[in-house]
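Trainee: This is the structure I have questions about; it appears just below.
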Amino acid sequence: MSERKRIPTDGGQSLSHNPFAAWSSVGLPPAPEDPGGASVPASRSRSGEAEQHRLVSSLAPPDATKPPRKNRGRVDIIRQTAGRGGKTVTVVKGFVGIGLPEKEQLVKAMQRAGGTGGTVKHGQIEIQGDKRAEVARILTEANFRPVFAGG
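Position 6 of the sequence shown, counted from 1, bears residue number 6 in our numbering, the numbering being contiguous throughout.
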């Protein structure tokens, strides 16, 4: 029987390289005071690395981070049961300026988010079940302004 090589678990060697270790804090704003009293140096805590990353990214020019999001218009999200045999359907209507292929992409994203079926009928998106929250989140990410309409 061959002997297996064991990996030490005493935590002696670091698993990753810290790319911020060589940076100095000259020119950066001072760290906020800890209200708890016990302060851990930023070089010894994991949150210190995240704090340094946040500070460095906050120094970047605002136009380099993300372009401003353009509002693509209001869409109405309605829950319907009438004429559907008692089944609830979430209907999204009021799209302006988008075609069928983009609506079908939105339907696929909504189906994945809600774990349910859906389709595009008569220029409206229909999702099975009461999935208004998930649909609103998808539409907000696509730069639409969702409004819950009706009952």
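Glycine is no exception: its CB is placed at the ideal position from the N, C-alpha and C atoms.
Compare the Cα-Cα distances from residue 92 to each of 29, 106, 116, 70 and report the closest residue.
Mentor: Taking only the C-alpha atoms, the option nearest residue 92 is 106.
Trainee: In this structure, does DSSP put residue 147 in helix, strand or coil?
Mentor: Strand, per DSSP.
Trainee: On the criterion of 16 or more Cβ atoms from any shown chain inside 10 Å, does residue 136 qualify as buried, or is it exposed?
Mentor: Result: buried.
Trainee: Given a cut-off of 8 Å on the beta-carbon distance, is the pair residue 145 and residue 85 in contact?
Mentor: Cβ atoms of residue 145 and residue 85: not closer than 8 Å.
Trainee: To the nearest angstrom, how far is the alpha carbon of residue 149 from that of residue 10?
Mentor: Taking the straight line joining both Cα atoms gives about 59 Å.
Trainee: With a cut-off of 8 Å, does the C-beta of residue 105 fall near any C-beta of chain B?
Mentor: Of the protein chains in this structure there is only one, and it is not chain B.
Trainee: For residue 78, which residues from the same chain have a beta carbon less than 6 Å from its beta carbon, with the 5 sequence-adjacent residues on both sides left out?
Mentor: Counting only Cβ-Cβ distances below 6 Å, and skipping sequence neighbours, we find 91, 149, 150.
Trainee: Exposed or buried, residue 121, counting other C-beta atoms within 10 Å across all chains shown (16 or more means buried)?
Mentor: Exposed.
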